[in-house]
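Note sheet for the following structure.
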Amino acid sequence: LPQDALAACDTACAVIASGLERIRKRYPPIGKLLLSGHAHIDLAWLWPVAETRRKVRRTWSSVLRLMDKYPDFTFNQSSAQAYKWMEEDDPELLERIKTRVAEGRWEPIGGSWAEPDCQVTGGEAFARQLFYGQRFFEQTFGQRNTVAWLPDVFGFSGGLPQLLQQAAITGFFTTKLIWNENNAFPYDLFWWQGLDGSRVLAHTFLNPNGGYNGHINPLDTYQTWQNFIGKRIHDESLLAFGWGDGGGGPSEDMLQNYDRIKDYPVLPKLEMGMVEQFYDSLPREGLPTWVGEMYLELHRATLTTQALAKQLNRQGEHRLVEAEAFATLASLDGADYPKAELDAAWQDLLYNQFHDILPGSSIREVYRDTHPQLLEVIATAITVRDEAIAARTGSGMDTFAITNPDLNARPLTALLPEGSDAGNLPSQRVEDGVLVHAPATTLGGFASIIVSSAAEDASKTGGVSATLRDSGAVTLKNGELTVEVGADGTLHRVFDRRVNREALSDRGNQLWAYVDRPRAWDAWDIDETYENAGMEITDVDSMEMIEEGPHRAAVRVTRSWRSSRFVQTYRLLSGSSRIDIDTQIDWHERLMLIRALFPTGVQSHEATFETMFGVQRRATHQNTSWERARFEAGAHRFVDLSEPAYGVALLNDAKYGHSAHGSTLGVSLVRGPLHPDPFADEGEHRFTYSLFPHIGDWVDGGVTREARALNAPLVVTAAASDATGREAFVASTGIELGLGALKRAHDQDGIVLRVYEPHGARGQAQLTFTETPASVTRVTILEEPQKEREVTLNGNTAAFEIGPFEVVSLLIGA
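What the sequence shown shows, in the working numbering, is residues 404 to 1217, in sequence order.
So this is what it looks like as structure tokens:
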């Protein structure tokens, strides 16, 4: 511009500023907002990871350039994974970021490896999100995070607050709860209390322009303040601004607007700052409390879409825990512990738990990366596990070790390779190998038995049979159950012989197909009205008995429907009340949803759904709008309906979307959305879900143990011909414990054993070790001392108090 025009502009700005100052005295700013620049960069979504790495680099370069020009500008960025990519792709840029971090203008935030899904992710995996995330931030920037930054995640398990607390995170942030379809979430400044009673300070904001993608303009700032319910308690809220989802971050226009409206009359007063300092300023008294899960009334289909990614994630979570456990035990005998290999595998798994990968809401190209990466994680874990077991038992060709990968003792049931000699163990040749089944024999925690030297009764008689009826039905029968598979392929009867009671009120394992055309967001949503357009799949192509006992009986049902094929094999073991339904689906449908329904003979106002390190109880009725909104909800390895003396559980090894309406349990099996991946779930699927009637409620009936056994069966490995079994590393008595992890401590001597209380009980637990440890102390999930919680060591037995759903990590000195 000409010089005189520039001078005129300066004069005009001075006049405006003078006028605003006079107005400001009469109409001062209303309220306060702390502004934090932000770029929500989905680590994968509508683009593959290779493009994300470029987005990160472009966005962060832009932010650093703006910081040079605008000295007030502050910025926050989460996800250790993104910083690790920068460490590899542009270390010079990362050094510039470190300088801004040291200045207090760039804020690494969140404390986790990624911004992970918080419903499907398992408890131990979420603990590792925080473990690896906090360690990376501390090593890279010299600081830890105190606020969990999860603005875009589709619902939150009640297991999170405890894990956050144990990772030194005391604050929690999200915006997604404002997306609820039916019920407005009642708080935006509150305590969030988890399953075990742990609390974190939670804040959210309602920004009219897209949640975490705020703008610095009168509309966003004024309405964010107006929407702030917590203004009755505190005089300041938070607004994150910047282009997001695909990155970009704050723009120069936004920063220029900040100078113009930061003290503008009637609008809230604006100030740039750091998120963690904002949380430090929040009040701790007089706040409301939200207890348990924070269920998002939207995006329920993310519990089902992209089934293979979810199945591989489940397998990766279990196999990595097994690999660490046996590598740890082998290291006690002098073997090397493959720390770097395990760390890399964990980090690959954690990346793929990002909230647009694991939920199934990404494009096809993303899963072309995800599936091979997760398969490699599983392969690595299995190799590490099996080599570690072999280091303890020797390796060979014709002799086998059967090993328990869990903390608690297990019945001896395992599948040897086809053609194997089971020695003098009770066995049966089945279609997928040689079944070893001695339910009266138990194998202790992490113990191994050698097949060729087992001292078990060599009797081949068992207690299960299969009978074909004239009607075409097949009856499977053992000492516990009489199971009738009707000619239509459903469970016509499950009679519990132990208590003379029917487990079902109608046909079980009904397969229903529903038209699945959500109003928006194909991959994300199932509409509440989906049941209005459903039909049962009733046609049967064939039904055949494939195993008739004496240790396992099985019947196979094959169906064709439209262009797809369903093959389901019902299996029943002697001495067991668990009916496994091995399911193979060749799926070629779009905009359809397949669910399996089990009308049970149990009456209960609440159902129990497994979640991270515990359970969530949900209503089985729909009296209120809050209960009606939970027509599809998440469960990990089981959902259960129990009366005081009896119950029925539905277990699974790969599924997450469940329902419990009245007395009917349901599980979603497969979908066919078109957007953003028009071929989502196309092709072959294989998984197992199980009906498990039990005596007593879900605690007394052993539902958690049975669900763990389905997901982490006994491990069979080749052993040396002269091998001997290995006794249990540890035995658990007192209050029942679940296994989180058994691993070498990360950067100190000793072993970390993580356990949790799975039932909501309280009491003393005892762990008796084979070898007397030098010391046993409680640590956090960051493997740092918890001095306020004591462990009593008496000889080789460690005793400690544990509360409902509490996670306890023990550092065991050699």
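In this text, a Cβ means the ideal position worked out from N, Cα and C, and glycines have one as well.
- Distance from Gly536 to Met1015 at the Cβ level is roughly 16 Å; contact not present, criterion being Cβ atoms closer than 8 Å.
- Fully contained in the stretch 978-1030 are the following beta strand (DSSP E) runs of length 3 or more, in chain order: 982-990, 995-1002, 1009-1014 and 1017-1022.
- With the rule of 3 Cβ pairs closer than 8 Å, the stretch 591-599 counts as touching the stretch 692-707.
- Val1042 is positioned such that its CB atom lies closer than 9 Å to that of His1061.
- In this chain, the alpha helix (DSSP H) harbouring Asn630 covers Pro621 to Asn630.
- For Thr502, the three-state secondary structure derived from DSSP is helix.
- Scanning Gly1216, Asn585, Phe540 and Thr577 for the CA closest to the CA of Ala571 turns up Phe540.
- Taking C-alpha positions only, Gly1105 is separated from His1097 by approximately 8 Å.
- When DSSP assignments are scanned along the stretch 766-850, the uninterrupted stretches of beta strand (DSSP E) that are 3 or more residues long and fall wholly within it turn out to be 802-806, 813-819, 830-833 and 836-846.
- Rounded to whole angstroms, the gap between the alpha carbons of Gly719 and Glu639 is 43 Å.
- Below 8 Å, too few C-beta pairs join the stretch 1170-1178 and the stretch 1104-1122 to call them touching: fewer than three.
- Contact annotation: the stretch 1201-1217 touches the stretch 1156-1163, with at least three C-beta pairs closer than 8 Å.
- Approximately 6 Å separates the beta-carbon atoms of Gly440 and Phe476; this is inside 8 Å, confirming the contact.
- Secondary structure at Ala1201: strand, using DSSP grouped into helix, strand and coil.
- In terms of Cβ geometry, Leu533 and Gln565 do not form a close pair [threshold 9 Å].
- The three-state reading of DSSP puts Ala605 in strand, counting E and B together.
- Our two residues, Leu685 and Arg795, have alpha carbons roughly 54 Å apart in a direct line.
- Counting C-beta pairs closer than 8 Å gives fewer than three between the stretch 771-779 and the stretch 1078-1094, which falls short of the contact rule.
- In terms of CA proximity to Pro474, Arg503 leads the group Glu490, Lys487, Pro494 and Arg503.
- Its chain contains Asn1114 and Ala1115 as the residues whose beta carbon lies nearer than 7 Å to that of His721, once the 5 sequence neighbours on both sides are disregarded; these appear in chain order.
- Contact annotation: Gly1075 and Arg962 have beta-carbon atoms that are not nearer than 9 Å.
- At the C-beta level, Asn660 and Ile632 stay beyond 9 Å of one another.
- In the same chain as Arg508, and ignoring 5 residues on each side of it, the C-beta atoms closer than 8 Å to its own belong to Met470, Phe476, Thr477 and Phe478, in chain order.
- When C-beta atoms of the stretch 1128-1146 are compared with those of the stretch 832-848, three or more pairs fall below 8 Å, so the two segments count as touching.
- In this structure, Ala957 sits near Tyr973, with a CB-CB distance shorter than 9 Å.
- Where Asp1043 is concerned, the enclosing beta strand (DSSP E) starts and stops at Phe1041 to Ser1045.
- By the Cβ-count criterion, Thr731 is buried, with 16 or more other Cβ atoms from all chains shown falling within 10 Å of its own Cβ.
- Classified as exposed, Glu939 has fewer than 16 neighbouring CB atoms from the shown chains inside 10 Å of its CB.
- CA-to-CA, the gap between Ala704 and Thr1195 works out to about 47 Å.
- In this structure, Gly574 is the residue among Gly574, Arg531, Val466 and Asp925 with its C-alpha nearest to the C-alpha of Ile512.
- Taking the CA atoms as reference points, Thr786 sits about 36 Å from Asp1103.
- The straight-line gap separating the alpha-carbon atoms of Arg922 and His1078 is approximately 12 Å.
- Given a length threshold of 3 residues, each whole run of the beta strand (DSSP E) inside the stretch 906-934 is given here in chain order: 913-918.
- Leaving aside the five residues that flank Gly1004 on each side, the residues in its chain whose CB is nearer than 8 Å to its CB run, in chain order, Arg904, Glu905, Ala906, Leu907, Ser908, Val1051 and Ser1066.
- Ser945 sits exposed, since fewer than 16 C-beta atoms from the chains shown fall within 10 Å of its C-beta.
- For Lys665, the three-state secondary structure derived from DSSP is coil.
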